[in-house]
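**Q** Residue numbers (full-length UniProt numbering): 1 to 240. Note that CB positions come from ideal geometry on N, CA and C, so glycine has one too. Here the structure is a predicted model, which is why all the values come from computation and not from measurement.
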Ligand code: ADP
Ligand code: MG
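#1: Buried or exposed for residue 237, please, with buried defined as at least 16 other CB atoms from any protein chain shown within 10 angstroms of its CB.
#2: Between the Cα of residue 187 and the Cα atoms of 78, 209, 51, 86, which residue gives the shortest distance?
#3: Among 232, 153, 50, 159, whose alpha-carbon lies nearest the alpha-carbon of residue 1?
#4: Near residue 136, what residues of its chain come up, given a Cβ to Cβ distance below 6 Å and the 5 sequence neighbours on each side ignored?
#5: Would you check if the distance between the CB atom of residue 175 and the CB atom of residue 41 is smaller than 8 Å?
#6: Report whether the distance from the Cβ of residue 188 to the nearest heavy atom of ligand 1 is below 7 Å.
#7: Would you check if the distance between the CB atom of residue 194 and the CB atom of residue 239 is smaller than 8 Å?
#8: Taking just the CA atoms, how far does residue 209 sit from residue 222?
#9: Can you pull the DSSP bridge partners for residue 7?
#10: Looking at the structure shown, is residue 260 part of a helix, part of a strand, or coil, going by DSSP?
#11: Would you say residue 205 and residue 183 are within 8 Å of each other, going by their C-beta atoms?
#12: Taking 7 Å as the line, does the beta carbon of residue 229 fall inside it for any heavy atom of ligand 1?
#13: If you run the structure through DSSP and keep just helix, strand and coil, what is residue 47?
#14: For ligand 1, is there a heavy atom less than 7 Å away from the beta-carbon of residue 238?
#15: For residue 13, which of helix, strand or coil comes out of DSSP?
#16: If you run the structure through DSSP and keep just helix, strand and coil, what is residue 84?
#17: Quick check for students: name the residue ranges of the alpha helix (DSSP H) that lie wholly in the segment 131–198, counting only runs of 4 or more.
#18: Since residue 106 contacts residue 153 with CB under 8 Å, what's their CB separation in whole angstroms?
#19: Compare the Cα-Cα distances from residue 97 to each of 131, 177, 61, 124 and report the closest residue.
#20: What does the alpha-carbon distance come out to for the pair residue 118 and residue 127?
#21: Under a Cβ-count criterion, where at least 16 other Cβ atoms within 10 Å of its own Cβ denotes burial, should residue 142 be classed as buried or exposed?
#22: From the DSSP output, which residues share a beta bridge with residue 205?
#23: Give the residues whose C-beta lies closer than 5 Å to at least one heavy atom of ligand 1, in chain order.
#24: First and last residue of the alpha helix (DSSP H) that includes residue 99?
#25: To the nearest whole angstrom, what separates the beta carbons of residue 46 and residue 9, a pair I think is in contact under 8 Å?
#26: Quick one: is residue 38 buried, meaning 16 or more other Cβ sit within 10 Å of its Cβ, or exposed?
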């Protein structure tokens, strides 16, 4: 589903990604972790073309992200992205947040889009909040709306960038529960997260990044049981 081959990226003279390679099969859940500044966000932004890269290649469902001929907005409409800071449209109701891209990008009718939005809101436990505005919801609720909004586009895979790290502790699980359910339903997911309980529960593999490189890319049991690199070992010792 996702293939990342020898991707390197720099900002001026600063090398942010060096020779990153991995593949994500359909239905796999990949957890990406590593110290702050190691390039995790940059890597997943490269996957849906939010960040350009200078070397290597990335394909998503056979579509080359770096190819100038690729229609990036079309690709992005098929790759769900959930960020740390929800990024809902603050001036729109929850319903409108869930329907606007379905109508504008996918050409669905307003009724069809609203119907789909409502079903997804129900799925994340927020049907009663459809008429509200983002500011009237808690952080955990807003993040569940953001996930529902991404799912409304019928994505072929989902990218998450620290979706729970801006949340109060008591709201983390309500978001992780939605993500676990998605994973168990077979969604292909690449998740930057330090929630190792989530990783242990549903990850197929864990990628550990440090200084712009993929240092480990292992089955979760191997990663947690016996990380190969000293850097991963130190990292795990700090967060577990
Ligand atoms: P992570 O998500 O692992 O914390 P990031 O991918 O956000 O790491 O950033 C990796 C490195 O790239 C950091 O050192 C960051 O300061 C740098 N960086 C990120 N975005 C830019 C940018 N637009 N210009 C210059 N440097 C950047
Ligand atoms: Mg980041």
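**A** Checking against the coordinates, here is how it stands:
#1: exposed
#2: With distances taken between CA atoms, residue 187 lies nearest to 78 out of 78, 209, 51, 86.
#3: 159
#4: none
#5: no
#6: Because no heavy atom of ligand 1 lies under 7 Å away, the Cβ of residue 188 does not count as near it: no.
#7: yes
#8: 16 Å
#9: Per DSSP, the beta-bridge partners of residue 7 are 20.
#10: An answer regarding residue 260 cannot be provided, because it is not within the stretch 1 to 240 covered by the chain.
#11: no
#12: Checking every heavy atom of ligand 1 against the Cβ of residue 229, none is found closer than 7 Å.
#13: helix
#14: Flag unset: Cβ of residue 238 not near ligand 1.
#15: DSSP places residue 13 in coil when its eight states are reduced to three.
#16: Three-state DSSP puts residue 84 in coil, outside helix and strand.
#17: 139–151, 169–184
#18: 7 Å
#19: With distances taken between Cα atoms, residue 97 lies closest to 131.
#20: 6 Å
#21: buried
#22: For residue 205, the beta-bridge partners assigned by DSSP are 30, 219.
#23: 11, 16, 36, 37, 38, 39, 40, 41, 42
#24: 94–104
#25: Indeed they touch by this definition, with Cβ atoms about 7 Å apart.
#26: buried
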